[in-house]
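In what follows, a structure is listed as structure tokens, so that the remarks can point back to it.
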Amino acid sequence: MFRRLPDVAGGRVRVTINGEPITARAGDSVAAAMLACGLGQCRTTPLSGQKRAPYCMMGVCFDCLVTVDGIGNRQGCLIEVREGMRIEAQIGRREVS
Amino acid sequence: MQRDYDVAVVGGGLVGTAVAWGLAREGQRIVVLDEGDIAKRASRANFALVWVQSKGLGMAEYMGWTVRSSEGWRQLADDLRAQTQLDVCFERPGGFHLALGETELEARAELLKRLHNQPGAADTRVEVLNRAQIERMLPSIGPEVAGGSFCPLDGHVNSLRTFRALHKGLNLLGAVYCAGHPIRDIVPDQGGFRLLTASGEVGAGKVVLAAGNANMRLAPLVGLKSPMRPNRGQILVTERAAAFLNYPLVTVRQTDEGTIMIGDSREETTDDTALDLSIAAVEADRARRMFPALGRLNVIRTWSGIRVMTEDGFPIYDQSETCPGAFVVGCHSGVTLAANHALVLAPMIGRGRLDASVVGAFSARRFDVQKAA
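So the protein sequences, as listed, match chains A and B.
Using the working numbering, the first residue of the first sequence is number 1102, and each one after it goes up by one.
Using the working numbering, the first residue of the second sequence is number 146, and each one after it goes up by one.
Rendered as structure tokens:
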């Protein structure tokens, strides 16, 4: 669905998304990296279990919530990818401890 | 005069709707006269506990009344579900009051002792527990928790859904709800009442004042009184999290939908449009010390709300001697006491007489005692 602009440079950053190794680009947000690799869903809602994907990409809508390195409900659009980062879909409610 | 209704209930919050629902179920023709959306409404700001332990110091009858409502809540929840298909998520697993440090624990034990040493005290089955006993039921407590008290009659509920269910139930019973009808005056007339509101006049055979802190202004219109002393509380709410807290605390509880509510502050002010973050910070800090895992959660909302509070903190249920058919119903604990209001008090009002053997202690005549010079 999304394609990268041809003229944007940036080093490679290796992360895992739902356990799959993915190569993102330096400067990508977590949400952008997920969209760029074709993932159309980043979470399910805690009450009705509906699927959600990143939407506003600017920190407002909270629809891009994901688990990053074991911490739930992080806003994927506000976090830059880092080498070795573990990104997982946020399925329902976040963990407590 | 035109008399369209058997009973006009003034106030469409949890107290007013619980009484109105109880009356409507008995076939009475009911109108609920309410303010609008900007009313200071404890029914939307409360902490949603059905709470027994530690209530009633200074009036033992309040202990028994509260125990009775806790026992009645299952029936209220079941009746509301049967009628409206809404699950108000009433649970009564018992509740905790946790003490941070030995000094707080001693104060807690002392308070409970005084409470239960009162003549006529009800048996709430509350127990003071040490840290090890509490840890078996609440494994995630922090190191500062010295102990606490546990009462098996304590519980909680989804109070917003309760509020909605009562309104829906009233509607299904044919009761009329009028928002935007604040009361300007009440005129006794030919054995009934004319209620003059901002949106016109309504006639009813009886009137029940259930307008929260506004009862103070309204009660004298029908020969009653209701001295009030409102205060402000602040609540913090976290994002929804996996279930980790199986029991409500008086200051922390996890809702049926996963959010964690933190509250129980008290300030002598009635401005509900502001927050005092220094107080919210203390609430959050105490919650985090009780359950360190809470420190990792994000707070997504805070609000302040105005408590309905009578001058001495105990309910006021009274009937007018000079204007027969006029009643006043007011209390702080509109959630806890909803079962009593719907199932016990409303039928008395329907019969036209409060039963002194049941609610006589809650008459506002207790405020008539002369102060010593």
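A virtual CB, placed ideally from N, CA and C, is assigned to each residue, including glycine.
Since we're looking at a predicted model, the values are computed, not measured.
*asked:* Could you check whether the stretch 339-348 of chain B touches the stretch 459-474 of chain B, counting it as contact only if at least three pairs of C-beta atoms, one from each stretch, sit closer than 8 Å?
replied: no
*Closest Cβ-Cβ distance between Glu236/B and chain A: below 8 Å?*
No, no contact with chain A.
_Touching by the beta-carbon criterion (3+ pairs, under 8 Å), the stretch 373-380 of chain B and the stretch 408-421 of chain B_ = The stretch 373-380 of chain B vs the stretch 408-421 of chain B: in contact.
_Residues near Met146/B by beta carbon distance below 8 Å, same chain, minus five either side_ = No answer about Met146/B holds up, because its pLDDT of 49 lies below 50 and its placement is not dependable.
*Determine the burial state of Phe512/B: buried for a count of at least 16 other Cβ atoms within 10 Å of its Cβ, exposed for fewer.*
exposed
*chain C contact for Leu1148/A (CB, 8 Å cutoff)*: Considering every chain present, this structure includes no chain C. Its protein chains are A and B.
*asked:* Are the CB atoms of Val1116/A and Met1186/A within a distance shorter than 8 Å?
replied: yes
_Inter-residue CB distance, Val155/B and Val321/B (contact presumed, cutoff 8 Å)_ = Contact between Val155/B and Val321/B does not hold, since their C-beta atoms are separated by about 13 Å, which reaches or exceeds 8 Å.
*What separation, rounded to the nearest whole angstrom, lies between the Cα atoms of Gly158/B and Gly1139/A?*
50 Å
*Of all Cβ atoms in chain B, is any one closer than 8 Å to the Cβ of Arg1194/A?*
Under the Cβ criterion of 8 Å, Arg1194/A is counted among the residues facing chain B.
*Compare the C-beta of Val1197/A against all C-beta atoms of chain B and say whether one is closer than 8 Å.*
Nearest CB-CB separation between Val1197/A and chain B: below the 8 Å threshold.
_Residues bridged to Trp448/B (per DSSP)_ = Looking at the DSSP assignment, Trp448/B forms a beta bridge with Ile380/B.
*Interface residues of chain A facing Gly403/B [CB-CB closer than 7 Å]*: Those within 7 Å of Gly403/B in chain A are Pro1147, Arg1194.
*Under a Cβ-count criterion, where at least 16 other Cβ atoms within 10 Å of its own Cβ denotes burial, should Ser304/B be classed as buried or exposed?*
buried
*asked:* Cβ closer than 7 Å: which chain A residues qualify as neighbours of Glu384/B?
replied: Simply Asn1174, Arg1195.
*Determine which residues share a DSSP beta bridge with Gly337/B and list them.*
Asp334/B
*asked:* Taking 7 Å as the limit between beta carbons, can you name the residues of its chain near Met361/B, skipping five residues before and five after?
replied: Counting only Cβ-Cβ distances below 7 Å, and skipping sequence neighbours, we find Ser371, Pro372, Met373.
*Apart from the five residues on each side of it in sequence, which residues of its chain come closer than 7 Å, Cβ to Cβ, to Glu280/B?*
Ile286
*Measuring only between beta-carbons, confirm whether Asn443/B sits less than 8 Å from chain A.*
Against chain A, the CB of Asn443/B has a partner CB under 8 Å away; the residue lies at that interface.
_List, from N- to C-terminal side, the beta strand (DSSP E) runs of 3 residues or more that fit wholly inside the stretch 431-491 of chain B._
444-452, 461-464, 471-475
*Closer than 8 Å, CB to CB, is His387/B near chain A or not?*
Looking at the sequence provided, one finds Ala at residue 387/B rather than His. So yes, Ala387/B belongs to the interface.
*To which residues of the same chain is Ser465/B closer than 7 Å at the C-beta, ignoring the five residues directly before and after it?*
Val367, Gly368, Leu369, Ala471
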